[in-house]
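In this note's numbering, the protein residues as written are -8 to 406.
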């Protein structure tokens, strides 16, 4: 792989041990994928919680921080395992809290901006169409590639941090225009689009991801005014049930102004038609428990927007969460601040719920919640349900926002 003079100096250690180690990681990845060269990146994003890092990852992160390396580009971090300000209310084990504090300290030393959100594009990490970036986490990759038109592979923590401190990444995969062309046509015109809810969009994404695998779907028939909330709902489950790196919405997303351009002038390899029964099937398949009693109702994967928090607070007005049920509404610290200013946080707390920041259902809380007797989870997130069941063996129900609130208030799943 070709390296510029500056990149050669990085590899030789002229810029310090941390940069050298980072470049070694990137060169190894480039060799694996037969990359021809390195390219500059404008930003990075990484995970930063104990769940995926484990003890070895935490030790590696601390050792890397001790090299004196600093992020060279704007770098943000995914949700962690709990809200630092509410760890007692969340019943976080002290050993767990101390490990997360170590991670927090290492990231701060490296210069990572501690937003702890999967919506980094709402807090300043907003690349433009055609910019090369290095973002970890499947939801970040697919949203950046598809909705923003930026170019990133699905990075791991090591490769994302290596890109952050060098400002480089190997040119392969989704950094190459020819790999971003659509393969599969997805027709949604049979659906009653005006009646589709946020969770219906999520079910659609999950259904399509399961069928297309690692292909790039091209959706036709969706309304041009589709909301950010529904775009996220559609995007995030695609790499959960499949391994989808990006998607196109004809006439909506940046790289699909027309059907012809979405497919690069070629014909689709296959066609899928999504029906109402397909969406219903996802709801049914995602109920992985025979229990009626509910232990946890959780929102926020992806992090709740201000509009979602307002909707939840409104649905809770004059109602109370059932005794013995936890209700968590997860969002970013920035969004929580405005939600508190608007009175939504007070409304959620009066009902017996919690508005929490910096964490999310997929960010690690299941690890300690299960030990505290949480066995059945109701959520509006297919990714959150997938993790709860697949990684921790918890019973799950995927449901609409309204049905989630009903479960929280009644303490039971009655559908």
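All C-beta atoms in this analysis are idealised placements derived from N, C-alpha and C, irrespective of residue type, glycine included.
Determine the direct distance from the alpha carbon of residue 403 to that of residue 88, and round the result to whole angstroms. Here residue 88 refers to the residue found at position 97 of the chain shown. Here residue 403 refers to the residue found at position 412 of the chain shown. Computed Cα separation, rounded: 31 Å.
How big is the Cα-Cα spacing for residue 185 and residue 330? Reading the chain shown from its first residue, position 194 is the one you call residue 185. Reading the chain shown from its first residue, position 339 is the one you call residue 330. About 28 Å.
Separation of residue 291 from residue 382, as counted between CA atoms: What you label residue 382 is simply residue 391 of the chain shown in a count that begins at 1. What you label residue 291 is simply residue 300 of the chain shown in a count that begins at 1. Distance between the alpha carbons of residue 382 and residue 291 is about 18 Å.
Please name the residue, chosen from 162, 385, 239, 161, that lies closest to residue 139 on a Cα-to-Cα basis. Taking the first residue of the chain shown as 1, we reach residue 139 at position 148. If we check each option's Cα against that of residue 139, 239 comes out closest.
Residue 374 and residue 348 - do their beta-carbons sit closer together than 8 Å? If you number the chain shown from 1, residue 348 lands on position 357. If you number the chain shown from 1, residue 374 lands on position 383. No, Cβ-Cβ distance for residue 348 and residue 374 is not below 8 Å.
Helix, strand or coil for residue 395 per DSSP? The residue you call residue 395 lines up with position 404 of the chain shown. In the structure shown, residue 395 sits in a helix (DSSP, three-state: H, G or I).
Beta carbon of residue -8, beta carbon of residue 27: below 8 Å? Within the chain shown, numbered from 1, the residue matching residue -8 stands at position 1. Within the chain shown, numbered from 1, the residue matching residue 27 stands at position 36. Yes. Within cutoff.
Please determine, among 327, 246, 183, 167, the residue with the shortest C-alpha to C-alpha distance to residue 25. Reading the chain shown from its first residue, position 34 is the one you call residue 25. With distances taken between Cα atoms, residue 25 lies closest to 167.
Rounded to the nearest angstrom, what separates residue 413 and residue 83 at their Cα positions? In the structure displayed, the chain extends from -8 to 406; residue 413 sits before or after that span and is not available.
Determine the direct distance from the alpha carbon of residue 356 to that of residue 90, and round the result to whole angstroms. Residue 90 sits at position 99 when you count from the first residue of the chain shown. Residue 356 sits at position 365 when you count from the first residue of the chain shown. Taking the CA atoms as reference points, residue 90 sits about 13 Å from residue 356.
Would you call residue 248 buried or exposed, if buried means 16 or more other Cβ atoms sit within 10 Å of its Cβ? Start at 1 with the first residue of the chain shown, and residue 248 comes out as number 257. Exposed.
Taking the alpha carbon of residue 162 as the point to measure from, which residue in 343, 333, 21 has its own alpha carbon closest? Along the chain shown, read from residue 1 onward, the residue named residue 162 stands at position 171. Comparing C-alpha distances from residue 162 to each of 343, 333, 21 shows the shortest one belongs to 21.
For residue 287, list the residues DSSP reports as bridge partners. Here residue 287 refers to the residue found at position 296 when the chain shown is read from its first residue. DSSP, once it has assigned bridges, lists 317, 368 as partnering residue 287.
For the pair the region 170 to 184 and the region 357 to 364, tell me if three or more CB-CB distances fall below 8 Å. Not touching, per the Cβ criterion.
Would residue 261 be called buried (16 or more neighbouring beta carbons within 10 Å of its own) or exposed? Taking the chain shown and counting its residues from 1, one reaches residue 261 at position 270. The residue is exposed, with fewer than 16 neighbouring Cβ atoms inside 10 Å.
With burial defined as no fewer than 16 other Cβ atoms inside 10 Å of the residue's Cβ, what is the status of residue 228: buried or exposed? In the chain shown, the residue the question calls residue 228 occupies position 237. By the 10 Å Cβ count, residue 228 comes out buried.
Since I believe residue 369 is in contact with residue 390 (beta carbons under 8 Å), could you give me their beta-carbon distance rounded to a whole number of angstroms? As a working note, residue 390 is residue 399 in the chain shown. As a working note, residue 369 is residue 378 in the chain shown. Residue 390 to residue 369, Cβ: 6 Å. Contact.
Can you give the Cα-Cα distance for residue 363 and residue 385, rounded to whole angstroms? Sequence index remark: in the chain shown, residue 363 carries index 372 (1-based). Sequence index remark: in the chain shown, residue 385 carries index 394 (1-based). Near 12 Å, if we compare the C-alpha coordinates of residue 385 and residue 363.
To which residues does DSSP link residue 166 through a beta bridge? The count along the chain shown starts at 1 and reaches residue 166 at position 175. DSSP output for residue 166 lists no bridge partner at all.
Element boundaries [beta strand (DSSP E), containing residue 29]: The residue labelled residue 29 in the question sits at position 38 within the chain shown. Residue 29 -> beta strand (DSSP E) spans 29 to 31.
CB residue 16 to CB residue 218, shorter than 8 Å? Indexing the chain shown from 1 puts residue 16 at position 25. Indexing the chain shown from 1 puts residue 218 at position 227. Taking a C-beta distance under 8 Å as the contact criterion, residue 16 and residue 218 do not qualify as a contact pair.
Residue 209: first and last residue of the uninterrupted beta strand (DSSP E) it sits in: Taking the first residue of the chain shown as position 1, residue 209 is located at position 218. Residue range 208 to 211 is occupied by the beta strand (DSSP E) that includes residue 209.
Answer yes or no: do residue 41 and residue 70 have a C-beta to C-beta separation smaller than 8 Å? Indexing the chain shown from 1 puts residue 41 at position 50. Indexing the chain shown from 1 puts residue 70 at position 79. Their beta carbons are not under 8 Å apart, which means residue 41 does not touch residue 70 by this criterion.
Would you list the residues sitting across from residue 104 in a DSSP beta bridge? Taking the first residue of the chain shown as 1, we reach residue 104 at position 113. According to DSSP, which records beta bridges pairwise, residue 104 is partnered with 67.
How would you label residue 12, buried or exposed, when you count the other beta carbons within 10 angstroms and need 16 or more for buried? By 1-based counting over the chain shown, the position of residue 12 is 21. When all chains shown are included, residue 12 counts as buried.
What are the boundary residues of the alpha helix (DSSP H) that residue 383 is part of? Counted from its first residue, the chain shown places residue 383 at position 392. That run of the alpha helix (DSSP H) goes 373 to 383.
Measure the C-alpha to C-alpha separation of residue 6 and residue 14 and round it to an integer number of angstroms. Translated into positions along the chain shown, residue 6 becomes position 15. Translated into positions along the chain shown, residue 14 becomes position 23. About 11 Å.
Residue 264 to residue 201 span [Cα, whole Å]: As a position in the chain shown, residue 264 is number 273, starting the count at 1. As a position in the chain shown, residue 201 is number 210, starting the count at 1. If I take the Cα positions, the gap works out to 14 Å.
Can you give the Cα-Cα distance for residue 111 and residue 307, rounded to whole angstroms? The residue labelled residue 111 in the question sits at position 120 within the chain shown. The residue labelled residue 307 in the question sits at position 316 within the chain shown. When rounded, the distance between both Cα atoms is 28 Å.
Could you pull out every residue in the same chain whose Cβ sits closer than 7 Å to the Cβ of residue 147, ignoring the five residues on either side in sequence? Position 156 of the chain shown, counted from the first residue, corresponds to residue 147. So the list reads 127, once near-sequence residues are dropped.
For residue 298, count the other beta carbons within 10 Å of its own beta carbon; 16 or more makes it buried, fewer makes it exposed. Which is it? Within the chain shown, the letter at position 307 stands for residue 298. Within 10 angstroms of the beta-carbon of residue 298 lie fewer than 16 other beta-carbons, which makes it exposed.
Restricting to Cα atoms, I'd like to know which of 267, 216, 116, 257 is closest to residue 190. Start at 1 with the first residue of the chain shown, and residue 190 comes out as number 199. In terms of Cα proximity to residue 190, the closest of 267, 216, 116, 257 is 267.
Backbone secondary structure at residue 119 - three-state DSSP: Residue 119 sits at position 128 when you count from the first residue of the chain shown. In the structure shown, residue 119 sits in coil (DSSP, three-state: anything other than H, G, I, E or B).
Close beta carbons around residue 394, own chain, < 7 Å, minus the five adjacent residues each side: Mapped onto the chain shown, residue 394 falls at position 403. Short of 7 Å from the beta carbon of residue 394, and not among the five residues preceding or following it, lie these beta carbons of its own chain, in chain order: 406.
Give the straight-line distance between the Cα atoms of residue 251 and residue 244, rounded to the nearest whole angstrom. Here residue 251 refers to the residue found at position 260 when the chain shown is read from its first residue. Here residue 244 refers to the residue found at position 253 when the chain shown is read from its first residue. Between the alpha carbons of residue 251 and residue 244 lies a distance of about 14 Å.
Taking the C-alpha atoms as reference points, what is the distance between residue 133 and residue 225? Stepping through the chain shown from its first residue, residue 133 is reached at position 142. Stepping through the chain shown from its first residue, residue 225 is reached at position 234. In this model, residue 133 and residue 225 are separated by some 10 Å (Cα to Cα).
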